[in-house]
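To keep things clear, I will list the structure first and then write my remarks on it.
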Amino acid sequence: MLQTLINAIKDREVLKLSYSGISRGVQPHAVGVSLAGREVLLCYQIKGDHIGAGHQWNLMELAKITHVVATGEIFAQNAPDYKKGDERFSRIYMEV
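Remember, this note's numbering sits 2 above the position in the sequence shown when you count from 1.
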């Protein structure tokens, strides 16, 4: 799964995935290790449940992500308010 996430970030490809059992469509922006030592994905949710104003950005633990599918849909622009080198990461494997 990690390689799929890295490739999607590199290619700016929208992903469909389940997080804690909830289906979501996301624009992946960064993947790496959080300050708490967990592998995480920073993504911007564009489809699915649990989306609302102020809740589009998610820092998802990889251990809770399942059913990752690359959609073939490309996002050309970074999502609003994205900052490279997010301070919630101790190590970034890949970022847009």
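The beta carbon of each residue, even a glycine, is placed where N, CA and C say it ideally should be.
| Asked | Found |
| --- | --- |
| Residues near Y84 in its chain [Cβ-Cβ closer than 7 Å; skip 5 each side] | H31 |
| T68 versus I94, I24, I11, residue with shortest Cα-Cα distance | I24 |
| C-alpha distance - R40 paired with I76, whole-angstrom precision | 27 Å |
| R90 beta carbon less than 9 Å from that of V42 | yes |
| Classification of R93 by the beta-carbon crowding that lies within 10 angstroms, buried from 16 upward | exposed |
| Within 9 Å, strictly: CB atoms of L44 and D88 | yes |
| Opposing strand residues paired with E15 [DSSP bridges] | I76 |
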